[in-house]
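Participant: One structure, as structure tokens, below. Some questions next.
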Amino acid sequence: MKKQTVLTGITTTGTPHLGNYVGAIKPAIQASRDEQVQSYYFLADFHALVKNQNPEEIVQSTLEIAATWLALGLDTNSAVFYRQSDIPEIPELTWLLTCSTAKGLMNRSHAYKAAVQENLDASEDPDFGITMGLFCYPILMAADILMFNANKVPVGKDQIQHLEMARDIAQRFNHHYGELFELPEAAVDDHVAVLPGQDGRKMSKSYNNTIPLWLPEKKLRKAIMKILTNSLEPGEPKDPDDSALFKLYSAFASSSQRAEMRQAYLDGIAWGEAKQLTFELINSDLAEARERYFALISEPAVIEEELKRGAEKARSFATPFLARIRHAAGIRLLG
Ligand code: TRP
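Sequential numbering of the sequence shown, starting at 13, is according to this note's numbering.
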């Protein structure tokens with residue numbers, strides 16, 4: 013039986029933070045060890061251009077995200093780990109799909125509609141600042157997925173619409189040119205921890221409340237000390253279920269550690285001590301990987317090598333598959 017193909021992309025903007033680690037990277041690396049599946053993980057640098065047009069930031073983010081996944085132990089012998097822009101078949105497939113994708117489907121995109129609405133609210137022209145990259149983003153994403161006939165695509169809730177669009181695009185193409193694509197499904201994990209940021213809201217770049225994953229030890233400690241708590245004194249019982257600090261601790265703790273800490277809150281542990289213990293737990297989880305990360309970051313050639321190898325593996329599937337798709341669409345040798 014053919015293995016299930018699991019595929020996901022990471023947009024190369026920004027620096028990885030604790031929320032990315034707990035919510036996406038760690039579960040993905042764990043899932044990639046499952047021998048029943050073939051995983052594809054890639055750096056979506058073409059997608060990054062839609063959001064960021066600063067070349068130095070794009071390349072820095074690509075380096076940091078690649079080093080992060082490798083430092084955290086992604087096994088690149090079993091998973092295929094590559095950079096989107098190393099696979100020329102993807103933009104080519106994007107065009108083939110673009111020609112049979114209804115503009116009306118793209119008009120319904122939440123991200124596009126939100127950008128238009130923002131313009132209307134600001135009494136601007138509805139198209140102000142909107143690129144074709146933003147408008148066609150879902151087609152590129154469909155090509156990422158369909159290029160490898162992925163069955164399961166682990167994503168956050170905000171990406172569900174993109175997966176529905178990828179299915180629509182695949183179905184229309186199949187209907188016209190014959191059964192080429194399998195229909196991908198979004199895999200949204202509701203059990204995965206959503207980390208709070210320093211202010212207690214969801215840790216997110218858009219709230220500016222993130223704790224970067226690879227802070228040096230002292231800075232990590234400082235960042236954790238800054239997490240918002242209430243004014244209860246040492247000795248006063250504290251509600252673990254109403255505490256961002258406890259949530260953060262829990263995301264890294266074993267179930268017995270979590271139960272012990274819960275009791276400590278009820279027994280009135282001082283916030284300072286709870287923070288120190290949270291720092292120690294997170295720090296011990298990350299310390300070894302952090303060394304590997306800084307070693308990798310200083311040797312980009314090693315990372316390049318990994319990505320090249322990944323691209324070769326990815327293309328060993330994509331090149332012959334694209335040849336079939338081209339043929340089906342009438343892009344063929346003459347005679
Ligand atoms: N759009 C996704 C995000 O912002 C990133 C992405 C690009 C992706 N291509 C993909 C995710 C293909 C899954 C499959 O998170």
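We put the CB at the ideal spot given by N, CA and C, even for glycine. Note that the coordinates shown come from a computational prediction; the quantities given were computed from them, not determined experimentally.
Where Lys164 and Tyr94 are concerned, what is the direct C-alpha to C-alpha distance, given to the nearest angstrom?
Facilitator: If I take the Cα positions, the gap works out to 18 Å.
Participant: Grab the span of the alpha helix (DSSP H) containing Asn269 for me, first residue to last.
Facilitator: Asn is not the amino acid found at residue 269; the sequence shown has Gln there. 267 to 278 is the extent of the alpha helix (DSSP H) around Gln269.
Participant: From this set, Arg179, Ile22, Arg336, which residue's C-alpha is nearest Glu40's C-alpha?
Facilitator: Here residue 40 turns out to be Ala, not Glu, going by the sequence shown. Comparing Cα positions, the closest option is Ile22.
Participant: Which one of Ala60, Phe140, Leu319, Asn295 has the shortest CA to CA distance from Asp87?
Facilitator: Checked all of Ala60, Phe140, Leu319, Asn295; the closest Cα to Asp87 is Leu319.
Participant: Answer with buried or exposed for Phe306, where buried requires no fewer than 16 other C-beta atoms within 10 angstroms of its C-beta.
Facilitator: Exposed is the call here.
Participant: Kindly indicate the opening and closing residues of the alpha helix (DSSP H) around Pro166.
Facilitator: Not the alpha helix (DSSP H): Pro166 falls in the beta strand (DSSP E), residues 164 to 166.
Participant: So is Ala299 in contact with chain C if we call contact Cβ pairs under 7 Å?
Facilitator: Considering every chain present, this structure includes no chain C. It has just one protein chain.
Participant: Given Asn64, which residues of its chain have a CB within under 7 Å of its CB, disregarding the five upstream and five downstream residues?
Facilitator: Closer than 7 Å at the Cβ level, and outside the excluded window around Asn64, lie Thr25, Ile70.
Participant: Can you pull the DSSP bridge partners for Pro208?
Facilitator: According to DSSP, Pro208 bridges with Lys214.
Participant: If you draw a straight line from the alpha carbon of Leu158 to that of Thr106, how long is it in whole angstroms?
Facilitator: Roughly 10 Å between the two C-alpha positions.
Participant: Less than 7 Å between the beta carbons of Phe58 and Ser97, yes or no?
Facilitator: Closer than 7 Å, so yes.
Participant: Just mark Gln183 as buried or exposed, buried being the case when its beta carbon has 16 or more other beta carbons within 10 Å.
Facilitator: Burial call: exposed.
Participant: Can you list, in chain order, the residues of its chain with a C-beta nearer than 6 Å to that of Gln50? Leave out the 5 residues immediately preceding and following it.
Facilitator: Lys15, Thr17.
Participant: Roughly how many angstroms separate the alpha carbons of Leu215 and Ala83, rounded to a whole number?
Facilitator: Rather than Leu, the amino acid found at residue 215 in this sequence is Met. Going from the Cα of Met215 to the Cα of Ala83 covers about 22 Å.
Participant: So does Val204 have its beta carbon nearer than 6 Å to some heavy atom of ligand 1?
Facilitator: The answer is no for Val204.
Participant: Please state the DSSP three-state secondary structure of Ala134.
Facilitator: Coil, per DSSP.
Participant: Whose CA, out of Glu130, Ile181, Pro67, lies closest to the CA of Cys111?
Facilitator: The candidate whose alpha carbon is nearest that of Cys111 is Ile181.
Participant: Among the candidates Glu104, His188, Ile315, Glu176, whose CA atom is the shortest distance from the CA of Val200?
Facilitator: Nearest C-alpha to Val200: Glu176.
Participant: Examine ligand 1 and report whether any of its heavy atoms sits within less than 6 Å of the Cβ of Thr143.
Facilitator: Result no, Cβ not under 6 Å from ligand 1.
Participant: Between which two residues does the alpha helix (DSSP H) carrying Thr106 extend?
Facilitator: From DSSP, the alpha helix (DSSP H) with Thr106 extends over 101 to 110.
Participant: Please find out if some non-hydrogen atom of ligand 1 comes closer than 6 Å to the beta-carbon of Asp156.
Facilitator: At least one heavy atom of ligand 1 is nearer than 6 Å to the Cβ of Asp156, so yes.
Participant: Here's the rule: buried if 16 or more other CB atoms are within 10 angstroms of the residue's CB, otherwise exposed. What is Ile343?
Facilitator: Exposed, by the Cβ-count rule.
Participant: Enumerate in chain order the residues of its own chain whose CB-to-CB distance from Asn221 is below 7 Å, with the five nearest sequence positions on each side excluded.
Facilitator: The residues are Gly209, Gln210, Asp211, Arg213, Met215.
Participant: Helix, strand or coil for Arg327? Go by DSSP, reduced to three states.
Facilitator: Of the three classes helix, strand and coil, the one that applies to Arg327 here is helix, per DSSP.
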